[in-house]
Amino acid sequence: MSTEHEESISLLERSDSPTESEKGLPLAKRAHAGDRSRWLTVALSAFVLVDLVVYCYLAFTLFAPPGAVDDLELRSQYVGLEEMYAYGVVNSSRLAPVLNKPRVVGQVYPADPHRKAPQDEHLTLTPYGRMAIPDRHLQVSSKAQTIYQFRVVDFGMERCQLRLKLPALDAPLPDPFHFAGDAGVALVDVYEAPVLDRLMDLSTLSWARKPPFRAYVGTFAATPEREVTLPEFPCKWGEVRTFKMSCAPQNPDCVVDVWSSQNTTWGIIMYQHQTV
């Protein structure tokens, strides 16, 4: 009797205990879950790494100094024209002088060498907010001098000439026109800086940081309601020519203060005359 009881217990224990295949099944599931967890970790790490790289690239692009754009070469679109005209077999059309408006205009103050040039003095309200108007301010006096920058344009128009034009004293202008000179004539000296390949940064322009102006160009004998010019000089397409306007030593208290808008051409402009 006892033997039969022991056998039944033994059989029950063997039937209730897991088989070898049943023991291995949870281990396989755990191994599979571990592999999946590792792959998810790798994928998440890669996603975070890509996000960091993209973020760093965007930050570098947005906050990089603008000098990279200024360093780009100004390539000529007039490829082959110089060689073609050099043969002397091309009869070019006669063209009227090109009127070239200044790209950069700013004031400097000898008595205050670190004072920055004014910017955005004229603002207007638009549907997109307040925007600067492309006006140009010629201001020459015992306290202020004005720097002009022009970029020479157009191949074959490479004889340049500066012109100063002033309105009448009683002309109805948006901004006041101030003028003073000896016997109704203000003598304005013009000096040129070395030829540059880029425009000045007006936000950093001051008397202390202006380029050197050593080459004397000429003297304007300016009077209201009259246009005066200086002699022509050679200029090459793509060059940046920089000029400084100041009162002549023989007329140190001269005053020429006039604004030029996008619709008017008061102040200094540059003519370009045909050379081919």
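For what it's worth, the numbering used here labels the leading residue of the sequence shown as 247, then goes sequentially.
Yeah, the Cβ is synthetic: ideal placement off N, Cα and C, and Gly gets one too.
On the criterion of 16 or more Cβ atoms from any shown chain inside 10 Å, does residue i qualify as buried, or is it exposed?
{"i": "Thr287", "result": "exposed"}
{"i": "Ala439", "result": "buried"}
{"i": "Gln518", "result": "buried"}
{"i": "Val386", "result": "buried"}
{"i": "Leu384", "result": "buried"}
{"i": "Lys490", "result": "buried"}
{"i": "Phe466", "result": "buried"}
{"i": "Cys302", "result": "exposed"}
{"i": "Arg382", "result": "buried"}
{"i": "Pro498", "result": "exposed"}
Could you pull out every residue in the same chain whose Cβ sits closer than 6 angstroms to the Cβ of residue i, ignoring the five residues on either side in sequence?
{"i": "Met516", "result": "Asn346, Phe396, Cys406 and Leu408"}
{"i": "Ala426", "result": "Val501"}
{"i": "Gly464", "result": "Val436 and Leu476"}
{"i": "Arg455", "result": "none"}
{"i": "Leu341", "result": "Gln520"}
{"i": "Trp483", "result": "Val398 and Phe401"}
{"i": "Gly352", "result": "Ala363, Ile393, Leu448 and Leu451"}
{"i": "Glu485", "result": "Val398 and Val441"}
{"i": "Tyr324", "result": "Phe401"}
Measuring alpha carbon to alpha carbon, tell me which residue in the options is nearest residue i.
{"i": "Val501", "options": "Ala429, Leu341, Glu485 and Asp447", "result": "Ala429"}
{"i": "Ser190", "options": "His519, Ala432, Leu410 and Val296", "result": "Outside the modelled stretch of the chain, which goes from 247 to 522, sits residue 190, for which no answer is possible."}
{"i": "Glu367", "options": "Ala426, Pro380 and Leu290", "result": "Pro380"}
{"i": "Ala378", "options": "Val386, Leu369, Gln385 and Leu384", "result": "Leu369"}
{"i": "Ala494", "options": "Leu304, Ala390 and Val300", "result": "Ala390"}
{"i": "Glu478", "options": "Val325, Pro498, Asp503 and Pro343", "result": "Pro343"}
{"i": "Leu412", "options": "Glu404, Val434 and Val399", "result": "Val434"}
{"i": "Tyr355", "options": "Leu304, Pro348, Trp512 and Ile393", "result": "Ile393"}
{"i": "Val460", "options": "Phe466, Ser492 and Lys482", "result": "As written in the sequence, residue 460 is Arg, which differs from the Val given in the question. If we check each option's Cα against that of Arg460, Ser492 comes out closest."}
{"i": "Leu410", "options": "Asn497, Gly513 and Pro498", "result": "Gly513"}
{"i": "Thr511", "options": "Gln496, Pro348 and Ser283", "result": "Pro348"}
Might you give, ordered along the chain, the residues of its own chain that have their beta carbon closer than 8 angstroms to the beta carbon of residue i, omitting 5 neighbours on each side?
{"i": "Pro457", "result": "Ala439, Pro440, Leu442, Met446 and Thr488"}
{"i": "Tyr546", "result": "The displayed coordinates of the chain run from 247 to 522. Any statement about residue 546 would go beyond what the structure contains."}
{"i": "Arg359", "result": "According to the sequence as given, residue 359 is Pro; it is not Arg. Closer than 8 angstroms at the Cβ level, and outside the excluded window around Pro359, lie Ser452, Trp453 and Ala454."}
{"i": "Cys481", "result": "Val398, Glu404, Arg405, Cys406, Arg487 and Gln518"}
{"i": "Val300", "result": "none"}
{"i": "Gly524", "result": "It is not possible to answer for residue 524, since the shown part of the chain is limited to 247 through 522."}
{"i": "Leu415", "result": "Phe423, Phe425, Pro470 and Glu471"}
Keeping to the same chain, check which residues put their C-beta closer than 7 angstroms to that of residue i; ignore five residues upstream and five downstream.
{"i": "Val350", "result": "Gln395, Leu445, Met446 and Leu448"}
{"i": "His424", "result": "Val501 and Asp503"}
Flag residue i as yes if its beta-carbon sits less than 8 angstroms from any beta-carbon of chain D, otherwise no.
{"i": "Leu448", "result": "Protein chains in the displayed structure number just one, and chain D is not present."}
At least 3 beta-carbon pairs within less than 8 angstroms: the segment 440 to 459 vs the segment 354 to 370: Verdict: yes, contact present.
Any chance the segment 370 to 377 sits against the segment 471 to 483, with 3 or more Cβ pairs inside 8 angstroms? No: the two stretches stay apart, fewer than three of their Cβ pairs being nearer than 8 angstroms.
Determine contact between the segment 497 to 511 and the segment 418 to 425, defined as no fewer than three beta-carbon pairs at a distance below 8 angstroms. The answer is yes - the segment 418 to 425 touches the segment 497 to 511, with three or more Cβ pairs under 8 angstroms.
Tell me the start and end of each unbroken beta strand (DSSP E) in the segment 400 to 481 that is at least 3 residues and wholly inside, in chain order. Within the segment 400 to 481, the complete beta strand (DSSP E) runs of at least 3 residues are 405 to 412, 424 to 426, 432 to 438, 461 to 468 and 472 to 475.
Segments of 3+ residues assigned as beta strand (DSSP E) that fall wholly inside the segment 340 to 375: Counting only runs of 3 or more, we get 344 to 346, 350 to 354 and 369 to 372.
Enumerated in chain order, which unbroken segments of the beta strand (DSSP E) with a length of 3 residues or greater are wholly contained in the segment 480 to 507? The qualifying runs are 486 to 493 and 501 to 506.
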